[in-house]
Amino acid sequence: MSSTAVHAPHHLPTSYHPPTISTTSRSSASRPIPPAAPSPPPHPSPSPPPLTASTPTTMANAQWLFSASEIANSPSVAAGLTPAEERARRAKGVNFIVQAGMLLKVPQVTLGSAAVFFQRFYMRVGMVGERGVHHYNIAATSLFLATKAEENCRKTKEIVIAVAKVAQKNANLVIDEQSKEFWRWKDSILLYEETMLELLTFDVVLESPYSHLQSILQQLGLEHDKALRNIAWAFLNDSQMTTMCLRMGPRDVAVAAVYFAARYNGEKIPDEGGRPWWVRAGGDEERIGEAVAVVQEFYAENPLGRTDLPLEGSPGGSAGELEATRERGGESPESVKEQGGEGGERSPTERTGAEAGDDDAVLKRVANDPATHERGDEAVTSIEGVPPKRKESLVDVDTGERDSKRIKSGDKDEREESEEGEVEE
1 MSSTAVHAPH
11 HLPTSYHPPT
21 ISTTSRSSAS
31 RPIPPAAPSP
41 PPHPSPSPPP
51 LTASTPTTMA
61 NAQWLFSASE
71 IANSPSVAAG
81 LTPAEERARR
91 AKGVNFIVQA
101 GMLLKVPQVT
111 LGSAAVFFQR
121 FYMRVGMVGE
131 RGVHHYNIAA
141 TSLFLATKAE
151 ENCRKTKEIV
161 IAVAKVAQKN
171 ANLVIDEQSK
181 EFWRWKDSIL
191 LYEETMLELL
201 TFDVVLESPY
211 SHLQSILQQL
221 GLEHDKALRN
231 IAWAFLNDSQ
241 MTTMCLRMGP
251 RDVAVAAVYF
261 AARYNGEKIP
271 DEGGRPWWVR
281 AGGDEERIGE
291 AVAVVQEFYA
301 ENPLGRTDLP
311 LEGSPGGSAG
321 ELEATRERGG
331 ESPESVKEQG
341 GEGGERSPTE
351 RTGAEAGDDD
361 AVLKRVANDP
371 ATHERGDEAV
381 TSIEGVPPKR
391 KESLVDVDTG
401 ERDSKRIKSG
411 DKDEREESEE
421 GEVEE
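Structure below.
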């Protein structure tokens, strides 16, 4: 066998021969030599217009917002899962994140970001099928990625141990770093981290609905309402178990949380300039109703089997119930009461006192009026605010007393005259 046959590639057929190379083509005379560097164009192309500050955010939000029909036909549903089963697995995956995060003492904002990564991932890949990924594996990877994105980093070893404990449903379980369980979870997290970043297009900077909730409460003057704040916070926690983040932006979710808490507690939020509170907060009636309906569906299905649902049977999001949280006019009862003495409507007691002449301001104005001293009682009765009946009653009393005195004096004179006549006789 010749030496050329030994080094021939095995995948090529025996009849294959590489093409012959002509020696004349290598001649420098027949081949043009390109310049060392390309020359710039004579007229540079115009630069594209600069992007506005809101363009990246708008494009990112539009990329991750889906309609109800798109969510109902997700890759998992296309692979064979029913919509109800997919919702249940999504809720269990987010609950896995929350349980592991509690062991790691991770802030709620970080857990919310992990839930968003989890929900978005399964709009690109299914949970079942040939390319399906189990929801617990992605939940662990989402938590690992969120601790980095939100700068609440934990050691990889700590995250792996926490995830393994939650998977085994034993918070006191001792995990050996050399065990198969430890390395199985560690390899899974590191493997799917790269896949998740690619499918999320490295879009890991998120707006938190919790931050929007705090700003809305401050805008409406409700930051010190502890009962309302706690219910709204619980609403946001429960909304993470659903596809809420895929349907609307974080601001809409926060406004819906404020409505839910106000309606649940029976509170009213005053208007400002005739504008409802949800308009001032940047909300929309349709979005609020949709958000409440999604959470109500989660409560009704109860995929986690929770027995302590404090918000079960909560209010809906109809237009009538939304109006029930609105206090028209923007005036509280205290403000109306304070404005009553300043040109506002007076109470019946105050009106009666003013009509009786007991208002100090009216009496003072009458006393300082020069007409009162020039024309006497007629001037007093002509002054607005002093009822004439009271003055007439006083005048009638004086007149009666004078008439009685005249009658008595007349009788006395007649008796004296009669006595003088008898003496003369």
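Just so we're aligned: 266 in my numbering is position 266 of the sequence shown, and the numbers increase by one with no gaps anywhere.
Quick reminder that beta carbons are idealized off the backbone N, C-alpha and C, glycines included.
Taking residue 240 as part of the alpha helix (DSSP H), name the residues at either end of that continuous run.
Walking along the sequence shown from the start, residue 240 turns up at place 240. That residue, residue 240, is in no alpha helix (DSSP H); it is neither H nor E in DSSP.
Going by DSSP, what residues sit across from residue 272 in a beta bridge?
Locating residue 272 in the sequence shown gives position 272, counting from the first residue. Partner(s): 275.
With a CB to CB cut of under 6 Å and the five nearest residues on each side skipped, what residues in its chain are close to residue 163?
Along the sequence shown, read from residue 1 onward, the residue named residue 163 stands at position 163. 100, 140 and 185, listed in sequence order.
Helix, strand or coil: how does DSSP classify residue 306 here?
Locating residue 306 in the sequence shown gives position 306, counting from the first residue. Of the three classes helix, strand and coil, the one that applies to residue 306 here is coil, per DSSP.
Determine the burial state of residue 274: buried for a count of at least 16 other Cβ atoms within 10 Å of its Cβ, exposed for fewer.
Taking the sequence shown and counting its residues from 1, one reaches residue 274 at position 274. It counts as exposed.
Who are residue 198's beta bridge partners in DSSP?
By one-based count along the sequence shown, residue 198 stands at place 198. Partner residues in a beta bridge of residue 198, as assigned by DSSP, do not exist.
According to DSSP, simplified to helix, strand and coil, what is residue 327?
What you label residue 327 is simply residue 327 of the sequence shown in a count that begins at 1. Three-state result, residue 327: strand.
How about residue 264 and residue 231: are their beta carbons less than 8 Å apart?
Along the sequence shown, one-based indexing puts residue 264 at 264. Along the sequence shown, one-based indexing puts residue 231 at 231. Against a cut-off of 8 Å, the Cβ pair of residue 231 and residue 264 comes out as a contact.
Which first and last residues belong to the alpha helix (DSSP H) in which residue 110 is found?
By one-based count along the sequence shown, residue 110 stands at place 110. Here the alpha helix (DSSP H) through residue 110 covers 108–121.
Apart from the five residues on each side of it in sequence, which residues of its chain come closer than 6 Å, Cβ to Cβ, to residue 124?
Taking the first residue of the sequence shown as 1, we reach residue 124 at position 124. The answer, listed in chain order, is 199.
Out of curiosity, what's the CA-to-CA distance linking residue 382 and residue 328?
Position 382 of the sequence shown holds residue 382. Position 328 of the sequence shown holds residue 328. Residue placement at residue 382 is poorly supported in this model, since its pLDDT is 47, which falls under 50; the coordinates still yield a value, given next. Taking the straight line from one Cα to the other gives about 42 Å.
Would you check if the distance between the CB atom of residue 127 and the CB atom of residue 89 is smaller than 8 Å?
Here residue 127 corresponds to residue number 127 of the sequence shown, with the count starting at 1. Here residue 89 corresponds to residue number 89 of the sequence shown, with the count starting at 1. When the beta-carbon positions are compared, residue 127 and residue 89 come within less than 8 Å of each other.
Just the Cα atoms here: how many angstroms apart are residue 103 and residue 142?
The residue you call residue 103 lines up with position 103 of the sequence shown. The residue you call residue 142 lines up with position 142 of the sequence shown. Going by the C-alpha atoms only, they are around 16 Å apart.
Alpha carbon to alpha carbon, how far is residue 176 from residue 256? Give it in angstroms, no decimals.
For the purposes of this step, residue 256 is taken as the residue at position 256 of the sequence shown. For the purposes of this step, residue 176 is taken as the residue at position 176 of the sequence shown. Each residue's alpha carbon lies about 45 Å from the other.
When you compare only the Cα positions, how much space is there between residue 223 and residue 213?
Translated into the one-based positions of the sequence shown, residue 223 becomes position 223. Translated into the one-based positions of the sequence shown, residue 213 becomes position 213. When rounded, the distance between both Cα atoms is 10 Å.
If you drop the 5 nearest sequence neighbours on each side, which residues of the same chain put their C-beta closer than 6 Å to that of residue 261?
Taking the sequence shown and counting its residues from 1, the one referred to as residue 261 is at position 261. For residue 261, where only same-chain residues beyond five positions count, the Cβ hits under 6 Å are 228, 231 and 232.
Round the Cβ separation of residue 292 and residue 316 to the nearest angstrom and send it over; I've been treating them as touching at under 8 Å.
Along the sequence shown, read from residue 1 onward, the residue named residue 292 stands at position 292. Along the sequence shown, read from residue 1 onward, the residue named residue 316 stands at position 316. For a cut-off of 8 Å, the C-beta gap from residue 292 to residue 316 is around 6 Å, short enough to register as a contact.
Note down, in chain order, each residue of its chain lying with its Cβ closer than 7 Å to the Cβ of residue 393, except the 5 sequence neighbours on either side.
Stepping through the sequence shown from its first residue, residue 393 is reached at position 393. Only weak support exists for where residue 393 lies, its pLDDT of 43 falling under 50; the coordinates are left without a value.
Are the CB atoms of residue 191 and residue 269 nearer to each other than 8 Å?
As a position in the sequence shown, residue 191 is number 191, starting the count at 1. As a position in the sequence shown, residue 269 is number 269, starting the count at 1. No, they are not a contact pair.
Taking Cβ to Cβ, would you say residue 96 is nearer than 8 Å to residue 166?
Looking up residue 96 in the sequence shown gives position 96. Looking up residue 166 in the sequence shown gives position 166. At the C-beta level, residue 96 and residue 166 come within 8 Å of one another.
Find out if the Cβ-Cβ distance for the pair residue 204, residue 145 is shorter than 8 Å.
The count along the sequence shown starts at 1 and reaches residue 204 at position 204. The count along the sequence shown starts at 1 and reaches residue 145 at position 145. Result yes, Cβ atoms of residue 204 and residue 145 sit closer than 8 Å.
Excluding sequence positions up to five away, which residues of its chain have a Cβ less than 7 Å from the Cβ of residue 77?
Reading the sequence shown from its first residue, position 77 is the one you call residue 77. Here the set comprises 83 and 86.
Alpha carbon to alpha carbon, how far is residue 226 from residue 70? Give it in angstroms, no decimals.
Mapped onto the sequence shown, residue 70 falls at position 70. Mapped onto the sequence shown, residue 226 falls at position 226. Taking the straight line from one Cα to the other gives about 38 Å.
With DSSP as the reference, label residue 222 as helix, strand or coil.
Taking the first residue of the sequence shown as 1, we reach residue 222 at position 222. In the structure shown, residue 222 sits in coil (DSSP, three-state: anything other than H, G, I, E or B).
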